[in-house]
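Basically our numbering = 1-based index in the sequence shown + 1. Think of the CB as a built atom: it goes at the ideal place given N, C-alpha and C, for glycine as much as any other residue. Presented below is the structure to which this report refers.
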Amino acid sequence: MTISKNEANKALIDKIRQVENDYGKTFSNTQKILMTTDGSITAILDVLYGKITLTTLDQHFENADENHAKLVNVDEGEKINYREVIMHKDGKPLIYAISHIPLSRCSENVCADLVRADIPIGRILKNYNIESRREIHNIFIEKPNETLKELFETDEDMLARDYVIINNNEILMWIKEVFPISYFTEI
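Take a look at the structure:
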């Protein structure tokens, strides 16, 4: 099936409608924007709340197992950076995110910022003028694990998405972002 050049976002709109239908709930415009944007979540949150902050919960290097190698299109065993963060404003958690980043595709400076600083990926890409695009793979609802229950102090369902950031026709990063279904309904 060929999509006309003027319907590039049709698949994302259809996907969010499907999730709404399956879940039996209409999402707010802000939730829909956060789930479907192919731009920086950090920039959207900065506009909504003023400059947000990020806290790194876990960050380490690991050898890509079969699953993670597929996510970022590298060979098994290649070194990747695992990063788990929470974006927040004034101590209120907003979005939880996990990323897998092949070290071979990052400059020394980008890798250093990922490791040393609590800087959102959107800001890192902007700081280094990295031209990239995002391809959203999935938008879905999931039950919270213990980490999410603790961070957001709720056991409600979570809205989630995962996507890749592509630079020079290679996957630079795989990212999953999650927030409680009751968030972003008032703005």
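Find out if the Cβ-Cβ distance for the pair L46, D119 is shorter than 8 Å. Counting from one through the sequence shown, the residue named residue 46 turns up at place 45. Counting from one through the sequence shown, the residue named residue 119 turns up at place 118. No, the pair does not count as a contact, with Cβ atoms beyond the cut-off.
Tell me which residues share the same chain as I167 and place their Cβ nearer than 7 Å to its Cβ, disregarding the 5 neighbours each side in the sequence. On the sequence shown, position 166 is the one that residue 167 refers to. Counting only Cβ-Cβ distances below 7 Å, and skipping sequence neighbours, we find S133, R134, E136 and L173.
I'd like to know if the region 64-84 and the region 150-159 are in contact, where contact means that at least 3 CB-CB pairs between them fall below 8 Å. no
Are there 16 or more other CB atoms within 10 angstroms of the CB of K144, so buried, or fewer, so exposed? Position 143 of the sequence shown, counted from the first residue, corresponds to residue 144. Counting Cβ neighbours within 10 Å, K144 comes out exposed, since fewer than 16 surround it.
DSSP three-state label for Y24, please. For the purposes of this step, residue 24 is taken as residue 23 along the sequence shown, with counting starting at 1. Helix at Y24.
Through-space distance from I42 to L35, alpha-carbon basis: Against the sequence shown, residue 35 aligns to sequence position 34. Against the sequence shown, residue 42 aligns to sequence position 41. Cα to Cα, the separation comes out at about 7 Å.
Quick one, which of N10, I102, L13 and E151 has its alpha-carbon nearest K71's? Within the sequence shown, the letter at position 70 stands for residue 71. Among N10, I102, L13 and E151, the Cα nearest to that of K71 is on I102.
Could you pull out every residue in the same chain whose Cβ sits closer than 6 Å to the Cβ of I122, ignoring the five residues on either side in sequence? Taking the first residue of the sequence shown as position 1, residue 122 is located at position 121. Within the same chain, I122 has no close Cβ partners at all.
How would you call K33, buried or exposed, if buried means at least 16 neighbouring beta carbons within 10 angstroms? The count along the sequence shown starts at 1 and reaches residue 33 at position 32. Buried, because 16 or more other Cβ atoms sit within 10 Å of the Cβ of K33.
Comparing alpha-carbon positions, which option in N64, I17 and I96 lies nearest F180? Taking the first residue of the sequence shown as 1, we reach residue 180 at position 179. Cα-wise, what sits closest to F180 is I96.
My parser needs the beta strand (DSSP E) runs of 3 or more residues fully inside the region 43-83; what are they? 54-64
Is it buried or exposed for E63, if we count other Cβ within 10 angstroms and need 16 for buried? Here the question's residue 63 lines up with position 62 in the sequence shown. Answer is exposed; the Cβ neighbour count stays below 16.
If we ignore side chains and look at the alpha-carbon of each, how far apart do K11 and D23 end up? Indexing the sequence shown from 1 puts residue 11 at position 10. Indexing the sequence shown from 1 puts residue 23 at position 22. In a straight line, the C-alpha of K11 is about 18 Å away from that of D23.
Only counting runs of 3 or more residues, tell me where the beta strand (DSSP E) segments fall wholly within the region 92-175, in order along the chain. 93-103, 134-143 and 159-168
Just to confirm, are E141 and A113 a CB contact at a threshold of 8 Å? The count along the sequence shown starts at 1 and reaches residue 141 at position 140. The count along the sequence shown starts at 1 and reaches residue 113 at position 112. The sequence as given places Phe at residue 141; Glu does not occur at that position. No; because the gap between Cβ atoms is not below 8 Å, this pair is not in contact.
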